[in-house]
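Right, one structure below, let's go through it.
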């Protein structure tokens with residue numbers, strides 16, 4: 099699966115996915131995957147932030163698509179919502 103044009107980011111994202119048990123709940127899976135990417139020494143700081151942006155975007159999309167996950171209070175409308183970046 100290709101996430102972007104940078105092969106090192108794609109490899110790191112695939113490694114972070116392969117290292118984890120995907121039976122974990124989505125919040126835990128996302129946080130552990132993010133920590134794996136932050137600890138990856140093969141990526142530069144810019145590549146790490148790009149990889150985290152990619153998994154955050156995917157995580158938010160899946161939360162909205164499947165209507166599950168931890169909800170938060172929106173700063174604009176004071177209602178519960180799922181996404182963190184929308």
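In my numbering, the protein residues as written are 99 to 184.
The beta carbon of each residue, even a glycine, is placed where N, CA and C say it ideally should be.
- Fully enclosed alpha helix (DSSP H) runs of no fewer than 4 residues occupy 124-137 and 143-164 of the stretch 118-164, in order along the chain.
- Apart from sequence neighbours up to five positions away, the residues of its chain that approach residue 178 with a beta-carbon distance below 8 angstroms are 169, 170, 171 and 172, ordered along the chain.
- Counting of Cβ neighbours within 10 angstroms places residue 159 among the exposed residues, the total staying below 16.
- The residue from 164, 140, 133 and 139 with its alpha-carbon nearest to that of residue 151 is 133.
- At the C-beta level, residue 180 and residue 161 come within 7 angstroms of one another.
- A straight-line Cα-Cα distance of about 33 angstroms links residue 120 and residue 174.
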